[in-house]
Each structure stands twice: as structure tokens, then as C-alpha cells.
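Take a look at the structure below.
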Amino acid sequence: MFGWSRASGKTGESKPEEKAETKINESGAQTLYSNEDYKEEVVVAGAGAEEGEREGRRIELHIPDRYMILPSLCTIMGMSLGLMRGSRAEGMRFLAENAHRPPTTMQGWYFYKKTKNYRMMWGGLKAGGRDALKLGSVGLTWAALEDGLERVGQQKFQGSEYVSEFREVGAGLGTALLFSSVYRVGMIQTRRAILLGGLVGFSMVGLRQAKARLSASNSISSE
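Each residue of the sequence shown is one higher than the one before, counting from 1 in UniProt numbering.
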């Protein structure tokens, strides 16, 4: 009897024997082939294709280094200063509170020293936490103002290059004015804070320019 073949489309011819062949492309997808007379293609997504799809849908969040370095350093500095100042102040307070009732026995002196040490540690931790929070907030405010001025300097308007070039000075002055207004200090303390913020800002501008010149000279010498 007559039969029909998908390969040739003619009657009277039988379907040729299929020989499957597997190929793996660069993305990891598997393609299955038969012989040339009877072709059928099947694509199976491999592990490489799935990884590529996941990479295409991945969300990346870029955080500038200044948001991590400067607040962290300020927090560590505040914690260290608070520990020293708080423990010393709490020790002096304990001595003043118990000056009229000193211990008279060996056991009494032992508990006196033990209680004093505990009070000093607790006072140092409390003061360290407060100072770390304050200085950490100062560092975070400085970093945010500096980043904002840098973004403003990237805009095209008259004087934008000066805003970007002296962004550290603006960050120092803005931080000093902000915290002077928050803590409602006097005029003398406000002037000192503004002067200190400006000096630190100009110092950081000088360090950044020196670093840029040094890196440029190193790149020229390497070429």
C-alpha cells in the first residue's frame, strides 16, 4: 500500500531512519536534530540560559563609598571618645557620692571597687552610644551633602564646576550650620563650628586634588 512521508511529501516512499544529534550552543541550550531528510528541532533551555535570564533580571544597588566610610569612622571615633569621657565622669561621680562613707573593712573595699568599676563601665557605654550616634549623624549628614553637591555640579549651568570642585567645603559649612541650629548653640560656638567645618572641607579638597595629581602622574609614567 501507499504511504505518506513528511520528509519528501511523496507517496510510495517510506520515512527514512532518523538519527538524532545533540548540539549545545554557547548559552547552554540543547538543540536536538534528526537527519537532513526528516528534520525536527527541539530547544531545551539549559542551566546557562537560566543563569543568563536571572542575571538579566537582577537588580543592582550602588552605594557610594562615602556613605559607608565616613559615617563608620565618625561612629567609631564617637564611641571611643564617649567610652573614655563617660567612664571617667562616672568614676568621679561615684567618688563624690561616697566620699562621706568610705569602707572600713577589706570586704567593704572589695565591693566598693567592684561597684565603682561596674558604674564606670555602664557610664562609658551610655556616653559612648550617645557620642557615636551624634558623630555618626554628623558623618552621614556630611556625606549626604557632599553627594548632593556633586550631583548638582554635574548639571550644566553657570558655575556648576565650582560647586562640584568645592563640594567638601559646602558639606562642612552646611553640616556646621545644621547642627548649630539643631542644638541651638550660641553665636560664638556657631562661628567656631563654621570655621572648623570650612577648614576640614578645604583640607579634604586639597587631599583630593593631590590624590588626583598623583594618580595622573603615575598613569603618565606607566605609559
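Using N, Cα and C, we set each Cβ at its ideal position, and we do this for glycine too. All figures in this text were calculated on a predicted structure; none of them were measured in a lab.
Practice item. Give the DSSP-derived three-state secondary structure of Ser203 in the structure shown. Key: Note: Ser203 maps to helix in three-state DSSP.
Note to self: Report the CB separation of Gly123 from Glu90 in whole angstroms; it is logged as a contact under 8 angstroms.
What the structure shows: With 8 angstroms as the limit, Gly123 and Glu90 qualify as a contact, their Cβ atoms being about 3 angstroms apart.
Query raised in the report: Do the CB positions of Met92 and Asp131 come within less than 8 angstroms of each other?
Result: No, the Cβ-Cβ distance between Met92 and Asp131 is not below 8 angstroms.
| query | Can you find at least 3 beta carbon pairs, one from the segment 168-182 and one from the segment 110-122, that sit closer than 8 angstroms? | reply | As far as the Cβ criterion goes, the segment 168-182 does not touch the segment 110-122, which means the pair count is below three.
Between the segment 192-202 and the segment 157-174, do at least 3 Cβ pairs fall closer than 8 angstroms?
Because the criterion of three Cβ pairs below 8 angstroms is met, the segment 192-202 and the segment 157-174 touch.
Check: In terms of alpha-carbon separation, which member of Asn218, Thr141, Met77, Ile220 lies closest to Tyr67?
Finding: Selected option, being the one with the closest Cα: Thr141.
request  = Could you tell me the boundaries of the alpha helix (DSSP H) in which Val152 lies?
outcome  = For Val152, the enclosing alpha helix (DSSP H) begins and ends at 106-153.
Helix, strand or coil for Asn218 per DSSP?
-> It is helical.
Use the C-beta contact count for Ser222: other C-beta atoms within 10 angstroms, 16 or more gives buried, fewer gives exposed.
An exposed status is given to Ser222, since fewer than 16 other beta-carbon atoms sit within 10 Å of its beta-carbon.
Phe179 to Leu83 span [Cα, whole Å]: Computed Cα separation, rounded: 22 angstroms.
Check: How should Glu97 be labelled, buried or exposed, when 16 other C-beta atoms within 10 angstroms of its C-beta is the threshold for buried?
Finding: Flag for Glu97 reads exposed.
- Task: Run the CB neighbour count on Arg213, radius 10 Å, all protein chains shown included, and call it buried at 16 or more, exposed below.
- Result: It counts as exposed.
Alpha carbon to alpha carbon, how far is Leu157 from Gly198?
The question names Leu, yet the displayed sequence has Phe at residue 157. Straight-line Cα distance between these residues: approximately 25 angstroms.
Leaving out the 5 sequence neighbours to the left and right, which residues in its chain are closer than 7 angstroms to Cys74 when beta-carbon positions are compared? Leu135, Gly136, Val138, Gly139.
Whether Ser164 touches Glu150 by CB criterion (8 angstroms): Yes, the pair counts as a contact, with Cβ atoms nearer than the cut-off.
Per-residue burial, Leu70 [other beta carbons within 10 Å of its own, 16 or more giving buried]: It is buried - the Cβ of Leu70 has at least 16 other Cβ atoms within 10 Å.
Problem - Three-state secondary structure assigned by DSSP to Lys211 - result: Secondary structure of Lys211 (DSSP, three-state): helix.
What does a CB cutoff of less than 7 angstroms around Leu81 pick up in its chain, not counting 5 residues either side in sequence?
-> So the qualifying residues of the chain are Asp131.
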